[in-house]
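**Student:** Protein chains in written order, with our numbering: chain S, 1 to 377; chain R, 378 to 679.
All C-beta atoms, glycine included, are put in the ideal place defined by N, C-alpha and C.
Take a look at the following structure, please.
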Amino acid sequence: MPARPDEPALDPVPTIVGLARTLRAAGVAASPTRVQATVEAIGALDATSRGQVYWAARLTLCADPDDLPRFDRVFSAYFGGERPAALRRQRLPVPRPVPAVDVSASPPAPADDGEPAPPVAALASGTEVLRHKDIARLSAAEREALRRLLAAFALPGELRRSRRWRPAGRGPIDAARTTRELLRRGGEPAALRHRRHRDRPRRVVLLVDVSGSMSSYADALLRFAHAAARGSAAPLEVFTIGTRLTRVTRELSHRDPDTAIAAVGLAVPDWSGGTRLGELLKAFLDRWGQRGLARGAIVVVLSDGWERGDAGLLGAQMARLRRLAHRVVWANPRKARPGYAPLAAGMAAALPHVDDFVEGHSLAALERLAAVVAGHA
Amino acid sequence: MTQGLLPAGVTGPAELRPLLADLGYLADDGLATASYLALRLHRPLFLEGEAGVGKTELAKTLARLVGAPLIRLQCYEGIDATQALYDWDFPRQLLHLRAAEAAGVRDLAGMEADLYSRRFLLARPLLAALETTPSVLLVDEIDRADDEFEAFLLEVLSDFTITVPELGTLHAEVPPVVVVTSNRTREVHDALKRRCLYHWLEHPDFDREVAIIRLRQPAASAQLAEQVTRVVQRLRSVDLLKPPGVAETLDWTEALVALGAQTLDAELATATLGAVLKYREDLEQARRLDVGALVAAAVGGG
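Here it is, written out as structure tokens:
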């Protein structure tokens with residue numbers, strides 16, 4: 001925007017740039033193109049009115065309802081009587097919660113119930129042994145090998161018919177392509193072209209339990225989620241549940257698994273806390289599921305079903321989830337333990353509303369889970 | 378100084394508000410500013426918020442304000458360029474070809490250029506909006522379309538042009554007013570949002586909601602409007618599957634007016650609660666809350 005020579009005192013650009021920098025430090029993605037829009041918007045409004053400057057900046061710098069409270073905080077601090085120049089270098093603390101436990105450094109958890117490890121066939125290859133071994137009982141070296149194996153995962157949902165068309169040898173006549181063919185031949189009758197609806201994989205939603213009782217599996221399951229998100233063309237959404245619900249789809253979009261897991265570690269505030277499955281499932285359904293994320297999707301809950309809250313609420317929410325989703329799969333790592341019965345109150349309440357109840361304790365179990373999700377099982 | 382598509386005499390959001398109110402839309406400061414900037418700067422308006430807070434209604438009102446037709450593109454999964462931008466009119470092209478052949482036209486190059494000219498192009502909503510001056514384009518529920526579709530919108534929203542490979546680039550003489558709405562079922566790409574003014578619509582506060590009812594349902598008494606609003610606002614504070622929006626408040630009032638109600642009572646409210654709450658679970662919860670007590674509190678002025 002060209003500076004107006006008659007109003008040199010009102011040049012809003014440095015102030016806006018300063019505001020945008022403070023916003024960026026607070027976690028709002030106020031990019032330079034947005035700043036340009038702000039300057040333009042303020043130019044069209046009354047730059048001396050605080051209310052109008054507020055709306056001009058909010059309308060152009062924010063892009064998400066989560067941005068709004070941060071924006072309000074920064075705006076009132078920034079224009080709270082301090083000169084913009086003084087604030088220029090000041091950085092507001094990034095409102096990202098620090099994780100209680102960093103998974104990448106978490107030691108292999110001690111076996112919490114003292115059961116002997118499942119017997120292993122002596123002649124099986126190392127990989128084959130690893131495939132079936134409970135993730136909670138791996139040594140550091142085995143863990144590393146597992147990570148490499150996990151990286152090859154893909155998790156496409158089962159196919160459904162989409163609204164899009166594809167050319168086909170048979171099926172309804174494709175008028176557009178047939179006429180185009182006719183035109184190409186100067187209007188001479190040509191072969192009929194056909195089309196069919198294209199098949200697309202269903203959306204997959206992973207809800208990964210990162211509470212204390214799942215701590216020995218959380219890292220491997222998140223790596224599984226990362227590989228699945230990178231490996232399949234189908235849309236995949238990942239949430240962590242513990243004492244809070246966190247959407248980690250964006251964090252997991254990093255190419256490198258270690259970077260991605262570290263980013264998740266920063267974003268998730270509730271590693272190894274308790275579990276309030278029912279409440280969090282409700283939060284998921286209220287905020288994302290019912291609007292459309294869970295509709296027609298395959299929802300996979302990776303949890304041991306250890307519920308600290310009201311098991312009745314969990315049952316009601318699972319029923320609601322099943323009405324929305326195409327299929328609900330529950331993977332419980334504890335299911336593989338000898339003598340397991342779904343006695344945990346949460347698990348018992350959830351089971352009637354689960355389409356497939358599978359294990360999730362080893363690589364082989366995760367492969368089986370992927371097959372269930374893809375509809376091959 | 379350019380006025381954009383603003384009505385004559387409007388130099389700020391404060392002057393736009395009464396004009397919107399005259400058309401039956403009560404906007405708060407934020408929405409008035411957003412509308413003002415959208416009209417003045419030709420920037421698309423990206424609206425998010427709960428269902429029934431008046432996102433689509435704003436586009437309709439802006440169309441009446443500007444005196445332009447509303448061109449609506451309802452997004453759905455699998456929507457593609459031939460349904461949103463343009464398509465070639467193959468039957469007409471064929472007829473033209475046949476006619477030219479019968480007339481013995483030998484100029485093949487000219488014939489081909491002729492076949493791919495504007496008159497054989499069918500305008501779908503986005504192209505229609507660029508070619509209609511002025512116009513208001515509503516891209517409704519963009520989150521329902523798959524994300525590949527957003528790419529089609531980028532050129533339209535930033536440059537107000539559409540490029541047809543066979544024909545060249547088509548420009549809008551006057552850019553249309555664009556309103557994009559989303560229910561947030563998925564994250565819309567940042568490249569699209571960056572080109573827009575972003576506004577999050579909240580449920581209105583008590584006074585504004587009463588005013589909206591009075592404006593949209595003039596047959597309702599002031600007393601009824603206040604009682605209905607009080608009950609609805611109370612219901613919103615309860616944990617419901619689908620909190621009622623302004624649209625539901627208006628529906629309910631309309632139903633009560635149709636029943637000849639001057640004030641709300643427990644019996645009427647229970648009988649017509651289906652206009653506000655659309656889930657069995659929500660109805661049950663309202664029943665547990667005791668609709669009668671709720672209404673009594675509202676009627677008593679609490």
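Whole angstroms are fine: how far does the CA of ALA37 of chain S sit from the CA of CYS573 of chain R?
**Tutor:** Straight-line spacing of the CA atoms in CYS573 of chain R and ALA37 of chain S works out to 9 Å.
**Student:** Starting from the beta carbon of GLY407 of chain R, find every residue of chain S whose beta carbon is closer than 8 Å, and list them in chain order.
**Tutor:** One finds TRP55, ARG58 and LEU59 in chain S with Cβ atoms closer than 8 Å to the Cβ of GLY407 of chain R, taken in chain order.
**Student:** Going by DSSP in three states, SER362 of chain S sits in which element: helix, strand or coil?
**Tutor:** coil
**Student:** Quick check on this structure: which residue in S:GLY157, S:THR22 and S:LEU61 has the alpha carbon closest to the alpha carbon of GLY375 of chain S?
**Tutor:** The candidate whose alpha carbon is nearest that of GLY375 of chain S is S:GLY157.
**Student:** Just checking my contact of HIS353 of chain S with GLY309 of chain S at CB under 8 Å: how many whole Å lie between their CB atoms?
**Tutor:** In fact, because the Cβ distance is near 17 Å, the residues do not count as touching under 8 Å.
**Student:** Using the Cα positions of HIS132 of chain S and VAL301 of chain S, report the straight-line distance between them to the nearest angstrom.
**Tutor:** Approximately 21 Å between the Cα atoms of the pair.
**Student:** Is there a C-beta anywhere in chain R that falls below 8 Å from the one on GLY312 of chain S?
**Tutor:** no
**Student:** Step through the CB atoms of chain R and report whether any lies within less than 8 Å of the CB of GLY157 of chain S.
**Tutor:** no
**Student:** Could I get the ranges of all uninterrupted beta strand (DSSP E) runs contained in the segment 213-263 of chain S, with 3 residues as the minimum, in chain order?
**Tutor:** Qualifying beta strand (DSSP E) stretches, in chain order: 236-241 and 245-247.
**Student:** Let me know if ARG495 of chain R comes out buried or exposed under the rule of 16 or more other beta-carbons within 10 Å of its beta-carbon.
**Tutor:** exposed
**Student:** Residues of chain S with CB under 8 Å from HIS419 of chain R, in chain order?
**Tutor:** Here the premise fails: no neighbours, minimum Cβ distance about 10 Å.
**Student:** Along chain S, in chain order, which residues have C-beta atoms closer than 7 Å to that of HIS576 of chain R?
**Tutor:** LEU59
**Student:** Establish whether the CB of TYR402 of chain R and some CB of chain S are separated by less than 8 Å.
**Tutor:** no
**Student:** Which of helix, strand or coil does DSSP assign to LEU447 of chain R?
**Tutor:** strand
**Student:** Hey, out of S:ASN332, S:ALA341, S:GLY312 and S:ARG295, whose CA is closest to LEU324 of chain S's CA?
**Tutor:** It is S:ARG295.
**Student:** With C-beta atoms as the reference, is LEU369 of chain S less than 8 Å away from GLY360 of chain S?
**Tutor:** In this structure, GLY360 of chain S lies closer than 8 Å to LEU369 of chain S by Cβ.
**Student:** Can you confirm whether the segment 279-294 of chain S touches the segment 558-568 of chain R when touching is taken to mean that 3 or more C-beta pairs between the two stretches lie within less than 8 Å?
**Tutor:** yes
**Student:** So is LEU450 of chain R in contact with chain S if we call contact Cβ pairs under 8 Å?
**Tutor:** no
**Student:** According to the Cβ coordinates, are THR33 of chain S and ARG571 of chain R closer than 8 Å?
**Tutor:** yes
**Student:** State the Cα-Cα distance for the pair GLN90 of chain S and LEU414 of chain R, rounded to the nearest angstrom.
**Tutor:** Its pLDDT being 41, under 50, GLN90 of chain S is placed unreliably in this model, and the value from its coordinates should be taken loosely. Straight through space, the alpha carbons of LEU414 of chain R and GLN90 of chain S are spaced by roughly 31 Å.
**Student:** Taking only beta carbons into account, state which residues of the segment 131-165 of chain S come closer than 9 Å to chain A, listed in chain order.
**Tutor:** Note that chain A does not occur in the displayed structure, where the protein chains are S and R.
**Student:** So which of R:LEU544, R:PRO446 and R:ARG585 has the shortest CA-CA distance to VAL513 of chain R?
**Tutor:** Restricting attention to R:LEU544, R:PRO446 and R:ARG585, the CA atom closest to the CA of VAL513 of chain R is found in R:PRO446.
**Student:** In the segment 270-299 of chain S, which residues sit with their C-beta less than 9 Å from some C-beta in chain R, listed in chain order?
**Tutor:** LYS282, LEU285, ASP286, ARG287, TRP288, GLN290, ARG291, GLY292, LEU293 and ARG295
**Student:** Check whether chain S comes within 8 Å of ASP667 of chain R, counting only Cβ atoms and requiring the distance to be less than that.
**Tutor:** no
**Student:** With DSSP run on the structure shown, which of helix, strand or coil describes TYR54 of chain S?
**Tutor:** helix
**Student:** Would you call LEU366 of chain S buried or exposed, if buried means 16 or more other Cβ atoms sit within 10 Å of its Cβ?
**Tutor:** buried
**Student:** Would LEU252 of chain S and VAL264 of chain S be called neighbours here (beta carbons separated by less than 8 Å)?
**Tutor:** yes
**Student:** Just to confirm, are LEU61 of chain S and GLN52 of chain S a CB contact at a threshold of 8 Å?
**Tutor:** no
**Student:** Quick check on this structure: which residue in R:ASP523, R:LEU544, R:LEU450 and R:LEU617 has the alpha carbon closest to the alpha carbon of ASP286 of chain S?
**Tutor:** R:LEU617
**Student:** Could you check if THR433 of chain R is buried or exposed, using at least 16 other CB atoms within 10 Å of its CB as the buried criterion?
**Tutor:** buried
**Student:** Any Cβ of chain R within less than 8 Å of the Cβ of GLY51 of chain S?
**Tutor:** Using a Cβ-Cβ cut-off of 8 Å, GLY51 of chain S counts as an interface residue toward chain R, since at least one Cβ of chain R sits closer than that to its own.
**Student:** Under 6 Å Cβ to Cβ from ALA506 of chain R, same chain only, skipping five residues before and after it: list those, please.
**Tutor:** If you ignore the 5 residues before and after ALA506 of chain R, its C-beta comes within less than 6 Å of the C-beta of ILE448, SER512, LEU514 and PRO553, all in its own chain and listed in chain order.
**Student:** At the level of alpha carbons, what is the spacing between PRO201 of chain S and ARG137 of chain S?
**Tutor:** 34 Å
**Student:** Using a Cβ cut-off of 7 Å, pull out every chain S residue sitting near LYS570 of chain R, in sequence order please.
**Tutor:** ALA63
**Student:** List, in order along the chain, the chain R residues whose C-beta lies closer than 8 Å to that of SER31 of chain S?
**Tutor:** ARG571
**Student:** Taking three-plus beta-carbon pairs below 8 Å as touching, is the segment 387-400 of chain R in contact with the segment 527-541 of chain R?
**Tutor:** no
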